[in-house]
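In this note's numbering, the protein residues as written are -11 to 328.
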């Protein structure tokens, strides 16, 4: 048993180191451009950007800890929040449909004997709840953009497709969360094709996943204040990231009007999410800068702001993965020692 735990921990450690190396390579590849941006920035404003970046990740990660504890996961909230932070930062930089980040989350939580079913259920509920703010602001931002300035036909079509995709995600997620009876046809579909393609029996595992998700939604219904608390944390995360963007612009030049700032931020982030390029690299910055330019922000300032935001909000936290993982590993070993 002890040998198995050691092998698992070594595998996770090797995976963490590999991810860290990839992240450092990505940062180094853009370092010349980022160094020039930092040289032009007001460092006093950058401290405020870092402060609200910390707030944003803290609120987001603690929201996951609350969701996971509501589902009955036995880890402490601090460890749950740290796991969420690490996996979220990885997903930001190594976009792969969330596969890398959530796989890492499972490996980290497996050290604390958390099942894959519980990891998937807690992650799905957390992602759904914390996506509601961006999904709500996306159509509002597009309407604001079209009201404020002329938008080329190609851009309108792209924004319409993006809204449709995320709208379908919202509808599907809502149906799966709120209406348990609607999950059964999906379970039957996955089971049938899982047997044909992968030659594996999925029914019992999917039924357990369904029961865990039902338990989670019922727990929130019985404790509505917990749901309110999660949604409040989500809003605090969202507005902390917006405020960080405010200080990014102030570090580079004149401030941007609130409506324009939120519109460019939301559309840029959502465009980056649709991209399978690592972290939306290039797609997010290009979309964000283009929207800001359409809204009257000087193009140079818009481009520099998008790059600076990526550096401070996405790439800099990546350097904290190893220290947080080291603490999680120590705590997991202590827990194993206590249990044995």
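Positions of the beta carbon are idealized from the N, C-alpha and C atoms, including for glycine. Since the structure is predicted, the reported quantities are computational estimates derived from the model, not experimental observations.
List the endpoints of the continuous alpha helix (DSSP H) containing residue i.
{"i": "residue 55", "result": "31 to 58"}
{"i": "residue 73", "result": "65 to 81"}
{"i": "residue 105", "result": "104 to 136"}
{"i": "residue 87", "result": "87 to 98"}
{"i": "residue 167", "result": "From DSSP, residue 167 is part of no alpha helix (DSSP H); its letter is neither H nor E."}
Apart from the five residues on each side of it in sequence, which residues of its chain come closer than 6 Å, Cβ to Cβ, to residue i?
{"i": "residue 215", "result": "208"}
{"i": "residue 89", "result": "75, 78 and 79"}
{"i": "residue 63", "result": "100"}
{"i": "residue 287", "result": "281"}
{"i": "residue 158", "result": "123"}
{"i": "residue 141", "result": "none"}
{"i": "residue 285", "result": "244"}
{"i": "residue 248", "result": "283"}
{"i": "residue 49", "result": "69, 72 and 73"}
{"i": "residue 220", "result": "none"}
Using C-beta distances below 7 Å, list every residue in its chain close to residue i, excluding the 5 sequence neighbours before and after it, in chain order.
{"i": "residue 252", "result": "276, 279, 280 and 283"}
{"i": "residue 129", "result": "250, 251, 254 and 255"}
{"i": "residue 232", "result": "37, 40, 41, 44 and 301"}
{"i": "residue 104", "result": "94"}
{"i": "residue 148", "result": "none"}
Can you find a heavy atom of the ligand ADP that lies under 7 Å from the Cβ of residue i?
{"i": "residue 128", "result": "In terms of ligand content, the structure shown is empty, and the ligand ADP therefore cannot be addressed."}
For residue i, which residues from the same chain have a beta carbon less than 8 Å from its beta carbon, with the 5 sequence-adjacent residues on both sides left out?
{"i": "residue 314", "result": "none"}
{"i": "residue 272", "result": "256, 257, 259, 260, 263, 294 and 298"}
{"i": "residue 331", "result": "An answer regarding residue 331 cannot be provided, because it is not within the stretch -11 to 328 covered by the chain."}
{"i": "residue 291", "result": "273 and 277"}
{"i": "residue 166", "result": "205"}
{"i": "residue 203", "result": "59 and 60"}
{"i": "residue 110", "result": "52, 55, 56, 59, 61 and 204"}
{"i": "residue 168", "result": "198, 201, 202 and 205"}
So is residue i in contact with chain B if we call contact Cβ pairs under 8 Å?
{"i": "residue 258", "result": "The structure shown contains no chain B; it holds only a single protein chain."}
- Write down every uninterrupted run of the beta strand (DSSP E) in the stretch 240 to 308 whose length is 3 residues or greater and which is fully enclosed by it, in chain order. none
- Quick one: any contact between the stretch 221 to 238 and the stretch 135 to 149, if contact means 3 or more CB pairs under 8 Å? Cβ pair count under 8 Å is below three, so no.
- Is it a yes or a no for the stretch 56 to 71 touching the stretch 231 to 247, going by three-plus beta-carbon pairs under 8 Å? no
- Task: Report yes or no: do the stretch 230 to 237 and the stretch 34 to 46 share at least 3 C-beta pairs separated by less than 8 Å?
- Result: A contact between stretches requires three or more CB pairs, one per stretch, nearer than 8 Å, and the stretch 230 to 237 meets this requirement with the stretch 34 to 46.
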